[in-house]
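The structure appears right after this line, and notes come after that.
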Amino acid sequence: DPELTRNSDRITIRDFLAGERTNDCLAVVRKRYPEVAHAYDWLSEFAPAQLTGTGACVFAETADRGSAEDLLRRLPSGMDGYVVRGVNRSPLLDGPR
168 DPELTRNSDR
178 ITIRDFLAGE
188 RTNDCLAVVR
198 KRYPEVAHAY
208 DWLSEFAPAQ
218 LTGTGACVFA
228 ETADRGSAED
238 LLRRLPSGMD
248 GYVVRGVNRS
258 PLLDGPR
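Okay, so the sequence shown: first residue is 168 according to this note's numbering, each after it adds one.
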């Protein structure tokens with residue numbers, strides 16, 4: 168897609184962990200999928216919204232589970248959502264059980 172950013176500047180892991188990150192797909196996804204733009208805008212009213220990869224999901228980190236559950240209760244009709252706990256290490260790295 169010619170609208171996608173090419174050759175993005177590199178960032179360090181330190182900067183990434185400090186929150187300095189962008190999603191080069193965000194502008195294109197927002198333009199092509201108004202429902203994603205709507206969800207992103209709604210969530211941005213409460214927390215810094217982010218887009219997974221190429222736009223399958225919109226998410227935000229919250230200070231605690233209670234805050235996340237409060238957001239979930241406010242979710243507009245027609246949107247689906249759930250609360251999850253982040254992990255520092257993917258369980259996939261541990262292999263099958």
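We treat Cβ as the ideally placed atom computed from N, Cα and C, and that holds for glycine.
Pick from the options that is closest to residue i, judged by C-alpha positions
| i | options | result |
| --- | --- | --- |
| Leu184 | Gly262, Arg264 and Asn255 | Asn255 |
| Ser244 | His205, Ile180, Thr179 and Ala194 | His205 |
| Ile178 | Ser257, Arg188 and Glu170 | Arg188 |
| Val251 | Arg232, Ser175 and Leu210 | Arg232 |
| Arg241 | Leu259, Gly262 and Glu212 | Glu212 |
| Ala235 | Leu210, Pro169 and Ser175 | Leu210 |
Cβ-Cβ distance between residue i and residue j below 8 Å
| i | j | result |
| --- | --- | --- |
| Tyr200 | Leu218 | no |
| Pro215 | Ala230 | no |
| Val203 | Val196 | yes |
| Leu239 | Gly248 | yes |
Through-space distance from residue j to residue i, alpha-carbon basis
| i | j | result |
| --- | --- | --- |
| Arg173 | Cys192 | 10 Å |
| Arg264 | Ala223 | 28 Å |
| Gly220 | Asn190 | 7 Å |
| Ile180 | Gly186 | 10 Å |
| Lys198 | Ser175 | 20 Å |
Beta-carbon contacts of residue i that lie in its chain and below 7 Å, excluding the five residues immediately before and after
| i | result |
| --- | --- |
| Met246 | Ala206 |
| Pro258 | none |
Own chain residues within Cβ distance below 8 Å of residue i, not counting five before or after
| i | result |
| --- | --- |
| Leu171 | Asp191, Cys192 and Val195 |
Cβ shell of residue i (< 6 Å), same chain only, five flanking positions each side left out
| i | result |
| --- | --- |
| Gly262 | none |
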